[in-house]
Structures are given as C-alpha cells and as structure tokens.
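Peer 1: Residue numbers (the UniProt record's numbering): 1 to 639.
Beta carbons are placed, not taken as given, at the ideal position from N, Cα and C, and that holds for glycine.
Keep in mind it's a predicted model, so treat the numbers as computed, not measured.
Below is a structure I'd like to ask you about.
Okay, structure coming up:
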C-alpha cells in the first residue's frame, strides 16, 4: 500500500526512450512515440523501424495495428514516412511471403495485411509519399501479394496500394515496368474475386473451416456470423472496384488495351455493377467509358453485342451511372468505324431518350443524342439497309424537327383546343381501361399522343405511362419499357414519375433484368417518400417491398458465384457439401426464375398491406441494391 501511495505522488511525465516504461526492457514503440523531445523520438522511431523485421514476439502485431490506425487517421503526417516506414513495411511483407513458418508464429499472419494497408493509406492522396514508397522498394512485395501468394484478404490491400501508386504521373512509370503482369492479374482478380470470396469464405458453412484471422480482420472482434458475411461482401466489392481502378490507370494512358479489351473480359466488365462500400465507383462501365475514348477500344467494344446490350439497358435505367451508358453509346456512334456496327441496337434504345433535358450534370442531353443519331440521316452518304433503323431515324426526325416546326407558330387558342381534346381522349382511354378494354384504351392513348403538342410535357408523361401500362398487360414488354422511358425522360426532374418507374420496374422484371428492375423500384419508393413528405410516417406499398426483396436476392453480389457452386456440386456429387441442401434448392429455383420470360410475372397486387418507414429516411439506390442485410434495417419498422 505504501508503495502505491508513493507512486501516486510521482508526477505524470512521459518517459524517455531510454527509461524503462513497460515490460520490454529496451522500451516499446508506444513509449518511443510518446517521447516529447523531437530529435530523440525521431531517432528512436528510425531505429525501431530498422529492427522491426527482427522482432519475434507478440508486440509486432500490436505495433502494426497501431501504425495502421495512425496511417488512417493522419495520412498526411510526414514523420513516419520520413523515418523509414515504407522500407520497414516492404521488409515485413517480404518476410511473410518468404518464410511461411514465421507467419504461423505468434500472430504474424496479420502482418502482411497491415503492412500493405499502411502503404496504401499513406499513398492514397499524397504523391510525395508515393514517390518515397516506390523508392523504398514496395512494388515487388505488393506484386507478390497481388499474385495471391497469401489470400484474397491480402490481395485486397495490395491492389488498393498499387492503384494509388499507379494513379500518379510520377510513380506510374515505376509501376508500368511490370504493366503486363499487373494488368493480367488485375483482370483476373476483377473477374474471379467474387467467386473466390464466396468459395473460400461466405459459402463455407462449417465455421471451423473459415480462416480465423480472416474473421478477426473482418469483424475486429465485434459481431458474429452475420457481421462476418456482411463485411466479406463489402470487402469483395472493394476488391473488385480497386482492381478496376488499377486497370483504369493503364487504360487512361492507353496501355495494354489489347489485354484489357479481351472479349470475355469486356463481357465480364459490363456486368460489374460497382461498389457496395464504394458507392462512388461506377464499376465496369467506368472502365468501358475510358476505353470508348480510344479508337482501338471502341473497335473492340463495338464487336461485342453483349456489351452494347448492357450499355443500352443502363442507358434506359434510373441507375446513378445512366449517363455513362449514354456517353459510351454516343462515342461509338460518333466514330465512323463503329457507328454502323452498333447503330441498330443503340438507336432502338436512344430513340426513347431524345427529349432528355439534364442528366449527370449535363444539359440538353437529348439534343446531343439527336444530333449524333441524325448526323448523316439527310446527307444519305451511307444507305441504311436495316428498315427498323430507318424507321427509328425517321421517327426522331419527325419528332424533333418536323413536328417542332409545325407547332412553332401555333396560336394560344389552338393550343387550348388541343388541350381539351387530349383531356377528353385520356378520360375515354381511362374509362376503357377500367372496363377491361385494353386494346381500345391503347388506341385512345395513341390518338391523344399523336395530337399532343411537344410543349405539353406533363400531359405526355401521363399518356406515355398509361400506354405503357396497356402494353404491359398485353405482353408487349419491350414497348412498355420504351414508353415508360420516354415518360421518365420528359418528366421534371428526370426519372421522377412514380407510376412510370413502377411500370418499368415490372417490365424489366418480366425480362429477367433484375438490376434495372431494382433501381427503378427503389427510385419509385423514393418518389413515394417525396409525395408523402409532410406525413409523420410514409407508407411503402407492400408490392414494392416484395419487388425489392425479390430483386435484391437476384442481384446479390455473390449470386453468380452461388449458382456456379451449385452447378459444380451437381457435377461432383462425391465432393463435400459446403452449403446446405436448402440453399442449393433455393439457388436452383432462383436460376429457374431468372430464366422465366412470362409477361405476367411480377405484376404484383396493389391491395396488400403497406409498410412504414420513418420520415426523412430515403433509400440509397446503389447501397441498398447490393446487400441483402440492409433490407432488414430499411423495412424494419412495420405497422
């Protein structure tokens, strides 16, 4: 007791490096870092970094974890980078890769992960640190991790760090020394990482078979199985997005385009949706747009019908990256070498967007589309053999040129007369619709649209949307998508007409386009929020909740990997089952549903009970659209 009282009277001063402040006789890193005297602290840190690869006890992991925290919280602090932290991290990664037995001692298995993460954190937004890191020899160790010499967890932080180093002009030349190898590895990683993470972690139901240090890194010791799976989904998404970012660094400089534009990879690329945690990442379409700025890139892309179809679907969606899909198509159409390879598919999509006003921060988007599509329409330099394309171009010319001229000098009296007639026709169409005479209603809406002046945008939105509902019920799904897209293009703001969003969501569901259906349905729910913004609790229609649940299952990040695992298991019945029989059955059912094209699928009843969401809680389209767990939180507040 006396000794404790004595100790209490001692002033609370920070011990120097040479003082014995912990159980480590030589002092520990955390004691060194607290040294108030700057020269002594710098010398102590520098010496510690030199001996750090030789440390053989538990302290090493604790120090690495602390350094990572410092790198994340103070990424622009020059002290540690100037004292040799990059050389130290490179040495630790090399040691972990070279001496596998060392990794199994203490908790050294964590060290390569933390070391690569520290490099990436310091070089994220600082070119000076990036130069220092490259000069310190970090490239080779990071490349070894990228090759998969450990696991996907280390690949994630390695590709992140390499992406930062490749993004600076001054360090790109160093990275480009290994460009072919890096590009091939990044392509493989982007294409296969979801399958790898599912097979090695998420799809492993026997928890004892999961690598413990993976679980620890994912959860930081907080949360159980659900947290592990959710974080694994987030990390897998980041792994794919950072791989695309690394490839983007080469594509911008027109390097290795022959590799990046490999046909199968381009197809994979167009299906890569973007980030769960990286909601600012455009996914595969971002890289495709970069490739479209290059003549050779455009040539490769134009030869892939799958890519063009995906770009068309994206252009007619409410996805955040809709404008990127349109940009890609316009770049392909503006090039005489690729124009007529993509004109048929692109024109069938872009004809619905010729009246767009603003999108993605750009104004007069519709006029740009019109000029591109009609660039050689009247010159007749090239005869268009495809009759459907010819009809589409004539339709655009009539809408944007001839009809505009006819209506330019129309008097106010004539306009008002037309407004009355259009209103009458719409009422007649509505009456026929509710009586079940769908064809007669469709005819009335057609007549009203023919008569309706272009300036009557609100009336045209409703007419297009009503006509789409008729076509939906008649099984004309493609025409329904066309009409709802036209309605959403002229709505103000763009993509804000709730009924059109819901109807297009249904149409996309019938075609098996789950991602596009999900985006429209979430946008529909957000529109419902805005309309009921004055209410304390805003109602989400149950049929919309059901559609979102369905499409979130279909667009789950690991859905393709899951289905592929089922196929592999069915082909190898003697292999141990890593997933439950129930999950296999659900997966097969999902696969069947994805292939169904019945036009009645997805026409949910509107008489079911709604659910409530608190006022002000707007759903994020991309974040909600990528994780199944989030739906539980968003729709938790039921009646």
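Hey, how far is the Cα of residue 230 from the Cα of residue 335?
Peer 2: Along the chain shown, read from residue 1 onward, the residue named residue 230 stands at position 230. Along the chain shown, read from residue 1 onward, the residue named residue 335 stands at position 335. Answer to the nearest angstrom: the Cα atoms are 44 Å apart.
Peer 1: Is residue 455 buried or exposed, if buried means 16 or more other CB atoms sit within 10 Å of its CB?
Peer 2: Along the chain shown, read from residue 1 onward, the residue named residue 455 stands at position 455. Residue environment: residue 455 is assigned as exposed (fewer than 16 neighbouring CB atoms within 10 Å of its CB, all protein chains considered).
Peer 1: Of the residues 524, 555, 479, which one's Cα is nearest the Cα of residue 514?
Peer 2: On the chain shown, residue 514 is found 514 positions in, with the first residue counted as 1. Here the closest residue by C-alpha is 555.
Peer 1: Going straight from the alpha carbon of residue 267 to that of residue 558, what length do you get?
Peer 2: The residue labelled residue 267 in the question sits at position 267 within the chain shown. The residue labelled residue 558 in the question sits at position 558 within the chain shown. The straight-line gap from Cα to Cα measures roughly 18 Å.
Peer 1: Quick one: using the 10 Å Cβ neighbour count with 16 as the cut-off for buried, is residue 84 buried or exposed?
Peer 2: Residue numbering aside, residue 84 sits at position 84 when the chain shown is read from its first letter. When all chains shown are included, residue 84 counts as buried.
Peer 1: Are there three or more Cβ pairs, one per stretch, closer than 8 Å when the segment 112-126 is compared with the segment 194-211?
Peer 2: Contact between the segment 112-126 and the segment 194-211 is absent: fewer than three C-beta pairs spanning the two stretches fall below 8 Å.
Peer 1: Could you give the distance in angstroms between the alpha-carbon of residue 588 and the alpha-carbon of residue 218?
Peer 2: In the chain shown, counting from the first residue as 1, residue 588 sits at position 588. In the chain shown, counting from the first residue as 1, residue 218 sits at position 218. Summary for residue 588: the model assigns pLDDT 37, below 50, so the residue's position carries little reliability; its value from the coordinates is reported in the next sentence. Their Cα atoms are separated by approximately 30 Å.
Peer 1: Around the C-beta of residue 157, are 16 or more other C-beta atoms found within 10 angstroms, so that it is buried, or is it exposed?
Peer 2: As a working note, residue 157 is residue 157 in the chain shown. Burial call: buried.
Peer 1: Out of curiosity, what's the CA-to-CA distance linking residue 160 and residue 347?
Peer 2: Counting from one through the chain shown, the residue named residue 160 turns up at place 160. Counting from one through the chain shown, the residue named residue 347 turns up at place 347. Spanning the two alpha carbons is a distance of roughly 39 Å.
Peer 1: Quick one: what's got a C-beta closer than 8 Å to residue 693's C-beta in the same chain, skipping five residues either side?
Peer 2: The displayed coordinates of the chain run from 1 to 639. Any statement about residue 693 would go beyond what the structure contains.
Peer 1: For the segment 386-393 against the segment 403-414, do three or more pairs of beta-carbon atoms, one drawn from each stretch, fall closer than 8 Å, so that the two count as touching?
Peer 2: no
Peer 1: Go ahead and pull the three-state DSSP assignment for residue 359.
Peer 2: Taking the chain shown and counting its residues from 1, one reaches residue 359 at position 359. Three-state result, residue 359: strand.
Peer 1: For the ligand GTP, is there any heavy atom lying closer than 7 Å to the beta carbon of residue 166?
Peer 2: Although the ligand GTP was asked about, the structure shown includes no ligands whatsoever.
Peer 1: So, with DSSP's three-state summary, where would you put residue 210?
Peer 2: Counting from one through the chain shown, the residue named residue 210 turns up at place 210. Reduced to three states, the DSSP call for residue 210 is coil.
Peer 1: Assign residue 87 to one of two classes, buried (16 or more other C-beta atoms within 10 Å of its C-beta) or exposed (fewer than that).
Peer 2: Here residue 87 is taken as the residue at index 87 of the chain shown, counted from 1. Residue 87 is buried by the Cβ-count criterion.
Peer 1: I need the straight-line Cα distance from residue 470 to residue 498, nearest angstrom please.
Peer 2: Here residue 470 is taken as the residue at index 470 of the chain shown, counted from 1. Here residue 498 is taken as the residue at index 498 of the chain shown, counted from 1. Distance between the alpha carbons of residue 470 and residue 498 is about 17 Å.
Peer 1: Residue 317 and residue 353: beta carbons closer than 8 Å?
Peer 2: Here residue 317 refers to the residue found at position 317 when the chain shown is read from its first residue. Here residue 353 refers to the residue found at position 353 when the chain shown is read from its first residue. No, the Cβ-Cβ distance between residue 317 and residue 353 is not below 8 Å.
Peer 1: Rounded to whole angstroms, what is the Cα-Cα separation between residue 495 and residue 273?
Peer 2: The sequence position of residue 495 within the chain shown is 495, counting from 1. The sequence position of residue 273 within the chain shown is 273, counting from 1. Looking at the two C-alpha atoms, the distance is approximately 20 Å.
Peer 1: Using the beta-carbon count (16 or more within 10 Å), is residue 209 buried or exposed?
Peer 2: Numbered from 1 along the chain shown, position 209 holds the residue referred to as residue 209. Under this definition residue 209 is an exposed residue.
Peer 1: Would you decide whether residue 99 is buried or exposed? Buried here means 16 or more other CB atoms lie within 10 Å of its CB.
Peer 2: Walking along the chain shown from the start, residue 99 turns up at place 99. When all chains shown are included, residue 99 counts as exposed.
Peer 1: Judging by CA-CA distance, which residue of 242, 339, 452 is the nearest neighbour of residue 295?
Peer 2: Taking the first residue of the chain shown as 1, we reach residue 295 at position 295. Taking only the C-alpha atoms, the option nearest residue 295 is 339.
Peer 1: Whole angstroms is fine: what's the gap from residue 171's alpha carbon to residue 259's?
Peer 2: Taking the chain shown and counting its residues from 1, the one referred to as residue 171 is at position 171. Taking the chain shown and counting its residues from 1, the one referred to as residue 259 is at position 259. Residue 171 and residue 259: Cα-Cα distance of roughly 22 Å.
Peer 1: Return the chain-ordered list of same chain residues with a C-beta closer than 7 Å to the C-beta of residue 132, the five sequence neighbours on each side being excluded.
Peer 2: Taking the first residue of the chain shown as position 1, residue 132 is located at position 132. Residues of the same chain with a CB within less than 7 Å of the CB of residue 132, apart from the 5 flanking positions on each side, are 81, 86 in chain order.
Peer 1: From what residue to what residue does the alpha helix (DSSP H) around residue 228 run?
Peer 2: The residue labelled residue 228 in the question sits at position 228 within the chain shown. Residue 228 -> alpha helix (DSSP H) spans 225-252.
Peer 1: Alpha carbons only, please: which of 264, 250, 190 is nearest the one belonging to residue 291?
Peer 2: Here residue 291 corresponds to residue number 291 of the chain shown, with the count starting at 1. Residue 250 is the option with its Cα nearest to residue 291.
Peer 1: Identify, in the order they occur along the chain, each residue of the same chain with its Cβ nearer than 6 Å to the Cβ of residue 441, setting aside the five sequence neighbours on each side.
Peer 2: By 1-based counting over the chain shown, the position of residue 441 is 441. The residues are 429, 432, 433, 470.
Peer 1: Could you tell me which of 44, 76, 93, 38 sits nearest to residue 64, measuring between CA atoms?
Peer 2: Stepping through the chain shown from its first residue, residue 64 is reached at position 64. When each option's Cα is compared against that of residue 64, the closest is 93.
Peer 1: Just mark residue 576 as buried or exposed, buried being the case when its beta carbon has 16 or more other beta carbons within 10 Å.
Peer 2: What you label residue 576 is simply residue 576 of the chain shown in a count that begins at 1. Low per-residue confidence applies at residue 576: pLDDT is 47, beneath 50, and the placement is therefore not dependable, though the value from the model is reported in the following sentence. Exposed is the call here.
Peer 1: Output needed for residue 187: all residues of its chain with C-beta closer than 6 Å, excluding positions within five of it in sequence on either side, in chain order.
Peer 2: The residue labelled residue 187 in the question sits at position 187 within the chain shown. Taken in chain order, the residues that qualify are 265.
Peer 1: Within the same chain, show all residues whose beta-carbon is closer than 6 Å to that of residue 647, passing over the 5 residues directly before and after it, in chain order.
Peer 2: Since the displayed the chain opens at 1 and closes at 639, residue 647 lies outside it and no answer follows.
Peer 1: Whole angstroms is fine: what's the gap from residue 586's alpha carbon to residue 135's?
Peer 2: Locating residue 586 in the chain shown gives position 586, where the first residue counts as 1. Locating residue 135 in the chain shown gives position 135, where the first residue counts as 1. At residue 586, the pLDDT of 41 sits below 50, so the modelled position is not reliable; the number obtained from the coordinates is stated separately. Cα to Cα, the separation comes out at about 52 Å.
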